[in-house]
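Everything on this sheet refers to the single structure shown next.
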Amino acid sequence: MKTVHILNGDATAGAFAESNLVGQPDPASVVIWREALSEGPVKADVRSVTELWDIRRAWHNATADQPADYDQLVVREFEKLANPADYDEIYLWFEHDLFCQINLVFLLAQLAQHPLATTKIKLVSVDSFPGVPFFKGIGQLNSAQLATLFLQAEELTRQELDRAVQVWNAYAGPQPLAVQNLLDADFGRLRFLRTALILHLQRFPFTDNNLNLIEHLLTAFLMEGPLPEDRLIGRFLQQDRVYGITDLSVAGTIRQLNGKLWAYTDDGLSLTEAGADVIAGRRVLNPVERWLGGFYQTADSPYRWDREEEKLTER
Numbered sequence: 020m021k022t023v024h025i026l027n028g029d030a031t032a033g034a035f036a037e038s039n040l041v042g043q044p045d046p047a048s049v050v051i052w053r054e055a056l057s058e059g060p061v062k063a064d065v066r067s068v069t070e071l072w073d074i075r076r077a078w079h080n081a082t083a084d085q086p087a088d089y090d091q092l093v094v095r096e097f098e099k100l101a102n103p104a105d106y107d108e109i110y111l112w113f114e115h116d117l118f119c120q121i122n123l124v125f126l127l128a129q130l131a132q133h134p135l136a137t138t139k140i141k142l143v144s145v146d147s148f149p150g151v152p153f154f155k156g157i158g159q160l161n162s163a164q165l166a167t168l169f170l171q172a173e174e175l176t177r178q179e180l181d182r183a184v185q186v187w188n189a190y191a192g193p194q195p196l197a198v199q200n201l202l203d204a205d206f207g208r209l210r211f212l213r214t215a216l217i218l219h220l221q222r223f224p225f226t227d228n229n230l231n232l233i234e235h236l237l238t239a240f241l242m243e244g245p246l247p248e249d250r251l252i253g254r255f256l257q258q259d260r261v262y263g264i265t266d267l268s269v270a271g272t273i274r275q276l277n278g279k280l281w282a283y284t285d286d287g288l289s290l291t292e293a294g295a296d297v298i299a300g301r302r303v304l305n306p307v308e309r310w311l312g313g314f315y316q317t318a319d320s321p322y323r324w325d326r327e328e329e330k331l332t333e334r
């Protein structure tokens, strides 16, 4: 039986190799997914996936976050899935957070475009593990623990693959309300996807002060007093179980709001007077420019997350 395992990053790869789940694997039997499609620009209506890689390369270059060899680390790995029907089984190992769920729906949407014949698509996806009190991801687990997860893999149906296509097209499209309109859908075994999509929508400015959820969390730490940037990043990453973002992403958010919400001082990052006014409701901050899926947010963008209604709205 020919099988391929798609892992959610290098953090999982070491323990997976030690697990003997695939014996002595050849390189084609494991795909290590290294892109972060929950960050930066994506596009649904591309002529081919090559166009998406071009978009991603340009963005990584602009943010100084370009992998040393993008083609080798990302594109070549993805190309192992060029003919999914060549495999009897395809396993995807992705956890619950936004980072993993967006990568997951992209991969499922790509697989769904091919004739799969008798190929089975199986998902290993969890948000907790016995004995791991602060579970953040599969990369925390050892080889024996991964082996127990392997036994829990669930085969996905055609309906679930089609749902992943819908979600990817909505997320990577230019109309954010398309994501909102999917929240009442049946996600089947993609059981963490609805929550992940809500977390994505909570990256839009909130109606009351134009800060998003991540900015609110960072501000809450600084309300306790100044913090050096590295400690602020560390505190966020320590408590984050839902976004799965990197230290570089958190640092980017911090620097986008430097001089607006907070400022660098001798004591570290400190809330500015304007920042204190925003938190107190005396002032509204103009949203910063950033990519949110396939939508580019500007100061004039009309979309807001309404905390009372718990939905994305358009002004």
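Residue numbering for the sequence shown follows this note's numbering, beginning at 20 and increasing consecutively. Quick reminder that beta carbons are idealized off the backbone N, C-alpha and C, glycines included.
**OP:** Assuming N27 contacts N122 (C-beta within less than 8 Å), just tell me the rounded distance between them.
**Re:** 7 Å
**OP:** Over the uninterrupted alpha helix (DSSP H) stretch that includes E98, give me the two end residues.
**Re:** R95 to E98
**OP:** Measure the beta-carbon distance from A215 to D116 and round it to whole angstroms, keeping in mind my assumption that it falls under 8 Å.
**Re:** Beta-carbon to beta-carbon, A215 and D116 are separated by about 7 Å, close enough to satisfy the 8 Å threshold.
Original post:
Contact between the region 50 to 65 and the region 96 to 109: three or more CB pairs below 8 Å?
Top reply: Contact holds: three or more Cβ-Cβ distances are below 8 Å.
**OP:** Would you check if the distance between the CB atom of Q120 and the CB atom of L212 is smaller than 7 Å?
**Re:** yes
Subject >> Chain-order list of residues whose beta-carbon lies under 8 Å from that of Q194 (same chain, five-residue window excluded) >> reply: F314
**OP:** Within its chain, find whatever has a CB closer than 7 Å to the CB of V261; leave out the 5 residues flanking it on each side and keep chain order.
**Re:** Around V261: D116, L117 and L218.
Original post:
Taking all protein chains shown into account, do 16 or more other C-beta atoms lie within 10 angstroms of the C-beta of H24, making it buried, or fewer, making it exposed?
Top reply: buried
**OP:** Compute the Euclidean distance between the alpha carbons of N305 and L276, then round it to the nearest angstrom.
**Re:** Rounded to the nearest angstrom, the two C-alpha atoms are 10 Å apart.
Original post:
Thinking C-alpha only, which one of L280, K279 and L251 is nearest L267?
Top reply: L251
**OP:** Check each candidate in V145, G244, E292 and T265 and name the one with the smallest Cα separation from G278.
**Re:** E292
Original post:
Helix, strand or coil: which one does DSSP assign to E292?
Top reply: helix
Original post:
Exposed or buried, which one is W301 when buried takes at least 16 other CB atoms within 10 Å?
Top reply: Note on residue identity: the sequence assigns Arg, not Trp, to residue 301. So R301 ends up on the exposed side.
Original post:
Which full runs of the alpha helix (DSSP H) of 4+ residues lie inside the region 143 to 190, going along the chain?
Top reply: 162 to 169 and 177 to 190
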